[in-house]
DNA sequence: ATGAAATCGGGAAATGCTCCCGACAAACAT
DNA sequence: ATGTTTGTCGGGAGCATTTCCCGATTTCAT
């Protein structure tokens, strides 16, 4: 019986590429592919998959909040995150949440298949370009999970209000957190947040 | 005789997705796909294609500089840019450089095929989510010299006070100008100033 | 010469940020 | 078992910034 897979990514070419790649293997069956988190939740409801392959940055519901909701409702679904970031702290945080694997989009398709195979053997997998061993004192490691969420929102150009809506928080909480983040990182302005985020690969100019 | 195509994208899944998609059409033949600009130049040298489909953000050589070099050496090659940005000003600038089409990665595969077809009819194509019609085509050219000074200061992380000291102005003038800049560029936050400045090569994260 | 645009800042209201605080839950050590 | 720490979440007051007025010069093209 093939492994049932759901795909979520906002780029159609990635959805179709993944679908073609996985369906060419007899042991996998891509049931559906969607372009945002809301649709992914609906598909999970309709047809419980064995494995979800999902991007982090999607319009609407996405990222950590999406994964939180899925694992809350269906803890037995394996989640593999397939996104552009190569930041070990982000990956560590995702795995702590219950994600079974992380593969950066730089990875070759062989690595993608190897990662999926590993997950099906109940292993936890992250692509080789994520250097998990570096326990160096990097600035971002001082931030908590929620603070990193907010950090990313701000760095990508969202206002406090937009961030609060995306993360289902009060505007006040967001601005309080931003103040705390600046203090922790010894940063004066939100603009330096952007610079740092771009250097760390957590934001890209658009 | 099929149209010879080269693909450049740092994400393997996009390369393989595009290759599978295009090779399934009889009129196209993907000759090679590469993951950065240096490799793309080598492939162009070895085997001159009719069409290049390229991302903008790649490790190493990429973006505007890559396109400039290709068109300098092989002006007759059609270039279609396939990237994540939806900024009409960026697209306008690429087309001014000689690029024949721009398709955002949000676009469906049908749009991608339609764009390639249009280019082969010697048309210039951009995907429908890029709103080129606004006369907001060159936002930065709308700024006065002084405004551009201040724009750069802010984008590089200076506070209003630091900017005023650097430019021998009152803090008030700077903040007044920043407000006006945002209005002219139709952007909401100083953070988008940073993104725009980085895209325009007027700032770099530090 | 004249009108248009650019430069420079003051004032006032709106908005945002910062620092304080308390409540609660989870993890953790003794 | 029970205090302790850490993270999460937001209210309130005061300060800072932003925004939108406005007027005074200067520059520049026609």
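Residue numbers (UniProt numbering), protein chains in the order written: chain D, 1 to 206; chain R, 1 to 206. Beta carbons: idealized from backbone N, C-alpha and C, even for Gly.
At a cut-off of 7 Å, the C-beta of residue 12/R has a neighbouring C-beta in chain D.
Here residue 97/R is exposed, its C-beta having fewer than 16 other C-beta atoms within 10 Å. The region 50-70 of chain D and the region 173-188 of chain D do not touch, with fewer than 3 CB-CB distances between them shorter than 8 Å. When the five nearest sequence neighbours on each side are left out, the beta carbons in the same chain lying within less than 8 Å of the beta carbon of residue 32/R are those of 6, 7, 43, 47, in order along the chain. If you look at residue 31/D, you'll find it in the beta strand (DSSP E) that goes 28-34. For the region 116-158 of chain R, the continuous alpha helix (DSSP H) assignments of 4+ residues that do not extend past its boundaries occur at 145-155, in sequence order. DSSP places residue 78/D within a strand segment (E or B) once states are collapsed to three.
In the DSSP assignment, residue 84/R falls outside any beta strand (DSSP E), carrying neither H nor E. Sequence-ordered contacts of the region 183-200 of chain D with chain R read 188, 189, 190, 191, 192, 194, 195, 198, 199 [C-beta pairs closer than 7 Å]. Taking 7 Å as the CB threshold, residue 109/D lines the interface with chain R. Residue burial is scored here from C-beta neighbours: residue 152/D has at least 16 other C-beta atoms within 10 angstroms and is therefore classed as buried. Its chain contains 103, 104, 107, 111 as the residues whose beta carbon lies nearer than 6 Å to that of residue 127/R, once the 5 sequence neighbours on both sides are disregarded; these appear in chain order. Sequence-distant Cβ neighbours of residue 114/R in its own chain, meaning closer than 8 Å and more than five residues away, are 125. Residue state for residue 101/R is assigned as strand, using DSSP reduced to three classes.
A straight line joining the alpha-carbon of residue 118/R with that of residue 205/D spans about 29 Å.
Contact holds between the region 186-193 of chain R and the region 184-195 of chain D, because three or more Cβ pairs, one in each stretch, are under 8 Å apart. Cβ-Cβ separation between residue 49/R and residue 4/R: approximately 5 Å, consistent with a contact (criterion under 8 Å). Taking a Cβ-Cβ threshold of 9 Å, none of the residues of chain D is close to residue 177/R; the smallest such distance is about 16 Å. Here DSSP, grouped into helix, strand and coil, assigns residue 199/R to helix. Residue 144/R counts as exposed, since fewer than 16 other beta carbons sit within 10 angstroms of its beta carbon. If you ignore the 5 residues before and after residue 158/R, its C-beta comes within less than 8 Å of the C-beta of 166, all in its own chain and listed in chain order. The Cβ atoms of residue 52/D and residue 82/D do not sit closer than 7 Å to each other.
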